[in-house]
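Encoded as structure tokens, the structure appears first; notes follow it.
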Amino acid sequence: MSEYQNVKYGVQDRIAVIMLNHPPVNAFNGATMSDLEGAFDDATANPDVKVIIITGAGQYAFVAGADLNEVKGLAADPSAAHSFIEKGQQVFGKIEASRKPVIAAINAAAAGGGLELALACHMRIAADNARFGLPEITLGIIPGWGGTQRLVKAVGRAKATEMILTGELITAQEAFRAGLVNKVVPANAVVREAMSLAKK
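Numbering (this note's numbering), first residue to last: 894 to 1093.
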């Protein structure tokens, strides 16, 4: 099993837990995306792992999207920008296509790429203080990692269109009513609830 700089990975009771750990808000840069893929590949290849949980470290975000400092640097290099987008699409596609159930334990905000990651998972447990959205439009860009397609499947065309075109974030309770998440629990119970679901 590999060691990762921006991800904590462990296996307990045949459940792999992948915790994104890139303070302060677990934003995706190239290294974090590569670490997520590596840990996910480890979990997939491990025959003892039956379910995979993905969560975020800290109290501020599950994942607060792409690392804007890195994204700004990509503006001058279209080839690098294209590679960054393709990498996210590849990793999230791999998660969505997994034969092992993948549960997102959404401990706080899931915005931009964070929501896109959650949407690639098969089930979603949300903290009651979590917020969800695709705010890319406020930056003059569109979601690049499958959010426009997967959000429609999760909440329907009308709600997805509203969220994508306004960039507004919705609460965990709104997300539950819209069918975006399976369950809302207190913030300190998110991983525990995901583990309970994984054991069923």
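All C-beta atoms, glycine included, are put in the ideal place defined by N, C-alpha and C. These numbers come from a predicted model, not from an experiment.
State the DSSP-derived secondary structure class of residue i, mapped to helix, strand or coil.
i: A997; result: strand
i: L913; result: strand
i: V1074; result: coil
Give me the Cα-Cα distance between residue i and residue j, rounded to the nearest whole angstrom.
i: V1083; j: V942; result: 20 Å
i: A909; j: I945; result: 5 Å
i: M926; j: R1070; result: 30 Å
i: I1030; j: A974; result: 17 Å
i: R1017; j: I1034; result: 26 Å
i: E896; j: G951; result: 20 Å
i: Y953; j: D906; result: 28 Å
i: G1007; j: F933; result: 16 Å
i: P994; j: P1079; result: 23 Å
i: T1041; j: I1057; result: 7 Å
i: V904; j: N939; result: 10 Å
i: L1027; j: E1061; result: 7 Å
i: D1087; j: A959; result: One detail in the question is off: residue 1087 reads as Ala in this sequence, not Asp. Straight-line Cα distance between these residues: approximately 25 Å.
i: E989; j: E1055; result: 24 Å
i: L967; j: L1090; result: 39 Å
i: V1074; j: A936; result: 23 Å
i: R1085; j: A1023; result: 16 Å
i: I947; j: P916; result: 16 Å
i: L1032; j: G1005; result: 11 Å
i: K1092; j: A1001; result: 23 Å
i: K901; j: T1059; result: 34 Å
i: F985; j: H1015; result: 11 Å
Could you tell me the boundaries of the beta strand (DSSP E) in which residue i lies?
i: Q905; result: V900 to Q905
Would you kindly report the start and end of the unbroken alpha helix (DSSP H) that includes residue i?
i: E1086; result: V1083 to A1091
**OP:** Ignoring anything shorter than 3 residues or poking outside the segment 917–1005, list the beta strand (DSSP E) runs there in chain order.
**Re:** 944–949, 954–956, 995–999 and 1002–1004
Subject >> Length-filtered (4 minimum) alpha helix (DSSP H) runs lying within the segment 1015–1069 >> reply: 1040–1048 and 1050–1059
Original post:
Is it a yes or a no for the segment 915–931 touching the segment 956–965, going by three-plus beta-carbon pairs under 8 Å?
Top reply: yes
Original post:
Counting pairs of Cβ atoms below 8 Å between the segment 1041–1052 and the segment 974–984, do you hit three or more?
Top reply: no
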